[in-house]
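Peer 1:
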Amino acid sequence: MYNWLRKIPRFATHQSIYLPTLPIRRQRRHNNNSGLAYNHHQQPSSSATETARPPLPPMRTDSLSSSSIDSFASSAYPATWCTPYYHQLCRLLPSCPSYVLPAWCGRYRAFLIFLSIMLLQLCCFLLFCSIFFAPATLPAPVFPDKVLPMGEAARLLTLNIFMRPPGIKNNWSDYKDDRLDYIIHHILPHYDIIAFQESFGFATRRKDELIKQARLRYGFNHHVESPRKYPWDISVDGGLLLLSKFKMAQSGIIQYPRGTHSDWLSRKGALYAMIELNPNRRFHMYTTHTQASYDLNNVINLGDTYIRLGQFAQLHEFVDATANTGGSSSSNSEEPVAPIMILGDLNVDAAVHPTGVPVTTPSVDSSIHYKMMTDVLKGIGADPKDLGLTDTPKQQRLFAHPWVLHDLEDVVYKQYGYHPVTFGDVDVQQDKTVVPGEVVLTDHDQLMTVQSIDRIYWAPRNSSTVSIRAPHVEPFKVKENTRLSDQERERLLFTQISDHYGISCSIHID
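Residue numbers for the sequence shown follow the UniProt record's numbering, beginning at 1 and rising by one.
(1) What does DSSP give as the partner residue(s) for A195 in the beta ladder?
(2) Would you check if the distance between the CB atom of Y370 and the CB atom of E409 is smaller than 8 Å?
(3) Pull up the DSSP beta-bridge partners for F283, would you.
(4) Within 10 angstroms of the Cβ of D237, are there 16 or more other Cβ atoms? Answer buried if so, exposed if not.
(5) Mapping DSSP to helix, strand and coil, what is W264?
(6) Is the distance from the Cβ of C505 to the Cβ of I468 below 8 Å?
(7) Report the option in D145, R461, S366 whose CA atom is closest to the CA atom of I340.
(8) Short check: CB of S463 to CB of V337, under 8 Å?
(9) Is the CB-CB distance between D345 and E438 below 8 Å?
(10) Applying the criterion that 16 or more other CB atoms from any shown protein chain within 10 Å of the CB defines a buried residue, is L119 buried or exposed?
(11) Assign Y175 to one of three DSSP states: helix, strand, or coil.
(12) Going by Cα to Cα distance, which pick from V434, W264, E488, I168 is closest to T360?
(13) Please list, in chain order, all residues of the same chain as S329 whose beta carbon is under 6 Å from its beta carbon, the five residues on each side excluded.
(14) Which ranges would you report for the beta strand (DSSP E) in the stretch 413-491 if only whole runs of at least 3 residues count?
(15) Reducing DSSP to helix, strand and coil, say where L493 ends up.
(16) Give me, in chain order, the residues of the same chain whose beta-carbon lies closer than 7 Å to that of L216; leave out the 5 immediate sequence neighbours on both sides.
(17) Smallest Cα separation from Y416: which of D365, Q446, I380, F423?
(18) Is L398 closer than 8 Å to P384 when the C-beta atoms are compared?
(19) Identify every run of the alpha helix (DSSP H) within the stretch 369-419, keeping only runs that are complete inside it and at least 4 residues long; order them along the chain.
(20) Quick check on the DSSP output: the beta strand (DSSP E) that includes L343 runs from which residue to which?
(21) Measuring only the C-alpha atoms, how far is G259 from K245?
(22) Any idea if E490 is buried or exposed, counting beta-carbon neighbours within 10 angstroms, 16 or more meaning buried?
(23) What residue ranges within the stretch 73-159 form continuous alpha helix (DSSP H) runs of no fewer than 4 residues, ordered along the chain?
(24) Below 8 Å between beta carbons: does that hold for A273 and D208?
(25) Quick check: the Cα distance between Q255 and F111, rounded to an integer number of angstroms?
(26) Quick check: A351 and S367, are their CB atoms within less than 8 Å of each other?
(27) Determine the DSSP secondary structure at A319, reduced to helix, strand or coil.
(28) Within its chain, find whatever has a CB closer than 6 Å to the CB of S34; leave out the 5 residues flanking it on each side and keep chain order.
(29) Strictly by DSSP, which residues pair up with A270?
(30) For F114, count neighbouring Cβ atoms within 10 angstroms of its own Cβ and tell me buried if that reaches 16, exposed if not.
(31) Does DSSP put A351 in a helix, in a strand, or in coil?
(32) Is the stretch 175-188 touching the stretch 483-497 in the sense that three or more CB pairs, one from each, lie closer than 8 Å?
(33) Please name the residue or residues paired with K229 in a DSSP beta bridge.
(34) Measure how close the beta-carbons of D386 and M372 come, nearest whole angstrom, since I'm counting them as under 8 Å.
(35) Are the CB atoms of N221 and A292 within a distance shorter than 8 Å?
(36) Which value, in whole angstroms, describes the spacing of the CA atoms of D174 and A214?
Shown next, in the form of structure tokens:
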């Protein structure tokens, strides 16, 4: 490239200008009588001018053979046995093509150099991104796929692990690496199926490490994740991850349209997997993470709420397209219609927070946002009045769908009789003082907001062979882990593994 740029003329002219090197002629002649080398700088005698001085060889215009380097190599080093072969090879090879740019390019010499450097850097950047931001290659499974015997149960967990891309944090630090190590060693061993939210893979290998260790250590041979994103997408992935020790007979992914606020950068969506507990028992599993807008104190943010309801409607259409076709593709299945599970961080506070009521009081009543979410997920649609829309006909419901999932229910609310807190919880000290339950990871604006935003929905669909039992909120407090020594607890700089609580349950087959 340097030699190419050297040929660009520095001034305007009416024709192209070549910049050749000075030819050095090879002049080695010997006198047959005296044996002395012929010196062309000496003046020959007049009598020997025509006979003793042979004609000069023709000058070659090839810059390679007429350069000073070639002349130096010919004179400084004696001829060897391979010299004739070298020159013969040079004659056989085609000469290096030369191209002289027009004279007007000389005016933009500095710009062309700058442009070449920038293009080179861009190519290097694209090559780096295509390797670094792509999913890592996973090792082959070590354990066989798990098959659940009849009469036994599988353990299931949903958890927002708060593992955002590098550089994003709420407080001093999110301790992502320490919490990831804790999850691998103290959470994964106790479950068979796990749905993670906010497990982002953009610009980090933490998600790849989680998938790899789950496969090698505990036999999570199957997984589905949000599509990875690259810098030119101007977005990050949705952060969803499904891990399963059981075979996934089917799987699928959808992406919602871009949200608002900071969610515009995250391509949120939903994951689907048909979990095959054994050859005759399956269920449909969906996990999602929707538009973040917690609607505190029952104040409706119409823009965020409308976007979120649209995402729930799109999820319902996804369920209709994947689960409304029977429970199995095999003809010998005993389960004609498989149950449906929808779980994850739905970002809708189901609890009601009346003024004057202590924050420690459980919320038995359901918020209007929770009711709209449930109706849209079922396919019934939302009442326009709940959104403050008065010009809509009374009989018309928003986001309604022809296929209705009537038996979809919140199993956690059914189990507890109220909406348990899963985010922004509080602790009551011995002197009855109420303090935030977690301050290391939770944003200060969300402390003591006692929200119930993580859910497990279950639709049995008239199935009695696959059932869900014992749904339970899992705080995952570090101090409650009896497998840790006192020294190990002191070394940990976080009090719980996420700013969210997890929800676990058992899947039984009969």
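Positions of the beta carbon are idealized from the N, C-alpha and C atoms, including for glycine.
Peer 2: Considering the structure as presented:
(1) By 1-based counting over the sequence shown, the position of residue 195 is 195. A195 pairs with T158, L242.
(2) Here the question's residue 370 lines up with position 370 in the sequence shown. Here the question's residue 409 lines up with position 409 in the sequence shown. Not closer than 8 Å, so no.
(3) For the purposes of this step, residue 283 is taken as residue 283 along the sequence shown, with counting starting at 1. DSSP output for F283 lists I275 as bridge partner(s).
(4) What you label residue 237 is simply residue 237 of the sequence shown in a count that begins at 1. Answer is buried; the Cβ neighbour count reaches 16.
(5) In the sequence shown, counting from the first residue as 1, residue 264 sits at position 264. In this structure, W264 counts as helix in the three-state DSSP scheme.
(6) The residue given as residue 505 occupies position 505 in the sequence shown. The residue given as residue 468 occupies position 468 in the sequence shown. Yes, the Cβ-Cβ distance between C505 and I468 is below 8 Å.
(7) The count along the sequence shown starts at 1 and reaches residue 340 at position 340. For I340, the nearest C-alpha among the options comes from R461.
(8) On the sequence shown, residue 463 is found 463 positions in, with the first residue counted as 1. On the sequence shown, residue 337 is found 337 positions in, with the first residue counted as 1. A contact, by the Cβ cut-off of 8 Å.
(9) Here residue 345 refers to the residue found at position 345 of the sequence shown. Here residue 438 refers to the residue found at position 438 of the sequence shown. It is not a contact, given that the beta carbons lie outside the stated cut-off.
(10) Reading the sequence shown from its first residue, position 119 is the one you call residue 119. Exposed, since its Cβ has fewer than 16 Cβ neighbours within 10 Å.
(11) Here residue 175 refers to the residue found at position 175 when the sequence shown is read from its first residue. DSSP places Y175 in coil when its eight states are reduced to three.
(12) Along the sequence shown, read from residue 1 onward, the residue named residue 360 stands at position 360. It is V434 whose Cα lies nearest to the Cα of T360.
(13) The residue given as residue 329 occupies position 329 in the sequence shown. Here S329 scores only 41 on pLDDT, less than 50, and its place in the model should not be relied on; the value that follows carries that caveat. Excluding sequence neighbours, S329 sits near nothing in its chain.
(14) Runs found: 426-428, 434-436, 454-459, 466-474.
(15) Position 493 of the sequence shown, counted from the first residue, corresponds to residue 493. Reduced to three states, the DSSP call for L493 is coil.
(16) Walking along the sequence shown from the start, residue 216 turns up at place 216. Cβ within range, chain order: P139, V142.
(17) Locating residue 416 in the sequence shown gives position 416, counting from the first residue. Nearest of D365, Q446, I380, F423 to Y416, Cα basis: D365.
(18) As a working note, residue 384 is residue 384 in the sequence shown. As a working note, residue 398 is residue 398 in the sequence shown. Result yes, Cβ atoms of P384 and L398 sit closer than 8 Å.
(19) Qualifying alpha helix (DSSP H) stretches, in chain order: 411-416.
(20) For this step, residue 343 is matched to residue 343 along the sequence shown. It spans 340-345 - the beta strand (DSSP E) in which L343 sits, taken as one unbroken run.
(21) Here residue 259 refers to the residue found at position 259 of the sequence shown. Here residue 245 refers to the residue found at position 245 of the sequence shown. Each residue's Cα considered, the two are about 33 Å apart.
(22) Within the sequence shown, numbered from 1, the residue matching residue 490 stands at position 490. Exposed is the call here.
(23) 83-92, 109-132
(24) For the purposes of this step, residue 273 is taken as residue 273 along the sequence shown, with counting starting at 1. For the purposes of this step, residue 208 is taken as residue 208 along the sequence shown, with counting starting at 1. No, Cβ-Cβ distance for A273 and D208 is not below 8 Å.
(25) Numbered from 1 along the sequence shown, position 255 holds the residue referred to as residue 255. Numbered from 1 along the sequence shown, position 111 holds the residue referred to as residue 111. Roughly 42 Å separates the two Cα atoms.
(26) The residue given as residue 351 occupies position 351 in the sequence shown. The residue given as residue 367 occupies position 367 in the sequence shown. In terms of Cβ geometry, A351 and S367 form a close pair [threshold 8 Å].
(27) Here residue 319 is taken as the residue at index 319 of the sequence shown, counted from 1. Looking at the sequence provided, one finds Val at residue 319 rather than Ala. V319 falls in the helix class under three-state DSSP.
(28) Position 34 of the sequence shown holds residue 34. Residue placement at S34 is poorly supported in this model, since its pLDDT is 46, which falls under 50; the coordinates still yield a value, given next. Excluding residues within five positions, none has a Cβ falling inside 6 Å.
(29) Position 270 of the sequence shown holds residue 270. Partner(s): I254, T288.
(30) Position 114 of the sequence shown, counted from the first residue, corresponds to residue 114. Exposed, since its Cβ has fewer than 16 Cβ neighbours within 10 Å.
(31) Here residue 351 corresponds to residue number 351 of the sequence shown, with the count starting at 1. Of the three classes helix, strand and coil, the one that applies to A351 here is coil, per DSSP.
(32) yes
(33) Counting from 1 along the sequence shown, the entry for residue 229 is found at position 229. Paired residue(s): none; K229 is not in a bridge.
(34) Here residue 386 refers to the residue found at position 386 when the sequence shown is read from its first residue. Here residue 372 refers to the residue found at position 372 when the sequence shown is read from its first residue. The distance from the Cβ of D386 to that of M372 is about 6 Å, consistent with a contact at the 8 Å cut-off.
(35) Here residue 292 refers to the residue found at position 292 when the sequence shown is read from its first residue. Here residue 221 refers to the residue found at position 221 when the sequence shown is read from its first residue. Not a contact, by the Cβ cut-off of 8 Å.
(36) Locating residue 174 in the sequence shown gives position 174, counting from the first residue. Locating residue 214 in the sequence shown gives position 214, counting from the first residue. So the two alpha carbons sit approximately 22 Å from each other.
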